[in-house]
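Residue numbers for the sequence shown follow UniProt numbering, beginning at 1 and rising by one.
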Amino acid sequence: NPLIKTPPITSNAPTHQESAAAHHWLVLQGLVKRYKDVIDVSSGNPHGMGLKPLTFVRQVLATCFYPSLVHDESLPLDVRQRAQSLLAECDGESIGSYPATYGMKHVRSSVSTFITRRDGVVSDPDNIIISNGSQHALILILKLLVQGRGLQQTGVLTPVPCYRSFNKALVAQGAVSVPYYLCEEQGWTVQVEELRRALQAARGHCNPMVLYLINPGNPSGHVQSKASIEEVIRFAAEERLFIMADEVYQGCVFGKDSEFYSYKKVLSEMGPPYSTNVELASFHSVSKGFMGEIMDVVSGLPGMTCQPINGGIFMFLRLHLSKAAIEHAEEKDLEPDLLYSMRLLEDTGLCVAPGCELRQKQGTHHIRYCQN
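Below is the structure:
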């Protein structure tokens with residue numbers, strides 16, 4: 001697909017991933033002696049960094065794959081009962097049979113019960129789709145929405161900063177990314193004035209139809225207030241935008257006075273005409289649900305600041321680099337935060353993601369740190 005052939009961040013520089021991969025290889029070959037291992041906190045990959053998986057989940061999966069374990073009393077009773085209930089919903093009581101297109105009815109009903117309990121609003125299992133990860137679900141919805149070419153090409157309002165894989169998915173599906181900037185000075189808040197600016201600027205070269213939001217934010221760590229969500233919904237209704245609400249980090253809200261509100265809950269409580277006219281797809285994942293607080297330590301480091309982190313598992317740290325450091329990076333044809341990240345990797349074995357890979361406001365420099 002030629003659409004996925006996106007240009008590199010800088011014309012001559014290796015990407016940060018290439019640099020990290022090269023150093024991983026050097027460590028494995030024993031050619032780098034300054035540190036034993038590369039500590040990769042550039043992305044949310046806790047299992048890759050050695051986090052122990054949930055035993056219950058693994059045991060249920062193992063029993064479903066090998067049903068004879070249902071009779072193995074060395075496994076906990078609740079594990080065997082859960083596996084039995086799942087297998088009973090499969091044709092032939094085998095997970096090798098073809099599943100329902102939208103996912104097993106039993107699982108969708110369980111998810112519906114969770115959403116109803118979370119929001120206090122009745123959830124319909126027929127409106128739920130089970131997918132192979134939240135990224136697959138995002139791509140599925142994009143495939144349904146993206147169309148046209150030229151001025152009719154679908155535009156998707158996308159937050160800046162934003163994780164790279166979503167922007168790559170937009171390009172691969174033939175959509176136009178329409179950036180709107182989160183306000184760092186106010187804790188990475190979503191501002192309707194900025195959404196309106198981005199929308200108006202895009203209408204000259206595409207057809208903006210979709211508004212993508214991440215709540216809690218990745219990599220910003222912001223959590224939208226109920227009032228902010230209501231304001232965004234009114235804007236979407238006014239401009240007839242389809243809302244894609246990425247809420248996979250909803251279980252990671254820990255900021256003082258912060259509370260997660262789903263777009264579904266707020267939209268329902270707003271009532272007609274919003275609840276009847278605004279189109280919404282929200283996304284969740286079973287793989288997210290933890291965070292450790294290290295903001296006080298990081299904010300105390302020289303040349304580095306961080307807005308309050310209220311949710312998610314990421315910190316988007318702002319670098320305050322000297323003029324000499326910025327000029328040195330420019331001489332090497334590198335973004336300053338990319339050079340900083342590469343040097344950090346070379347000198348300490350710590351791998352972070354540079355802000356230039358996640359998009360950021362011109363003239364600012366950041367790194368993303370994930371609490372794996």
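Even for Gly, the Cβ is constructed at its ideal location relative to N, Cα and C.
L241 sits in coil when the DSSP states are folded into three classes, being neither helix nor strand. The residue from R108, Q153, H320 and L339 with its alpha-carbon nearest to that of H328 is L339. Here E184 is buried. Its C-beta has 16 or more other C-beta atoms within 10 Å. Between the segment 229-239 and the segment 271-279, the count of C-beta pairs closer than 8 Å reaches three or more; the two stretches touch. For P354, DSSP records a beta bridge to I367.
Taking a contact to require three or more Cβ pairs closer than 8 Å, the segment 182-202 and the segment 301-314 qualify as touching. Membership of R318 in the beta strand (DSSP E) is indicated by the continuous run F314 to L319.
Ranking G221, R82, I128 and S282 by CA distance to the CA of A245 puts S282 first. For the pair P161 and R359, the CB atoms are nearer than the 8 Å cut-off. Exclusion of the five residues before and after E231 leaves V192 as the residues of its chain whose Cβ lies within less than 6 Å of its Cβ. Shown here for A169: same chain residues with a beta carbon closer than 8 Å to its own, the five before and five after excluded, namely Q135, L138, I139 and L142 in chain order.
If you draw a 10 Å sphere on the C-beta of V122, you find fewer than 16 other C-beta atoms in it, and that means exposed. Taken through DSSP and simplified to helix, strand or coil, L344 comes out as helix. In the three-state DSSP reduction, A281 falls in the strand class (E or B). According to the DSSP secondary-structure assignment, S177 is paired through a beta bridge with V156.
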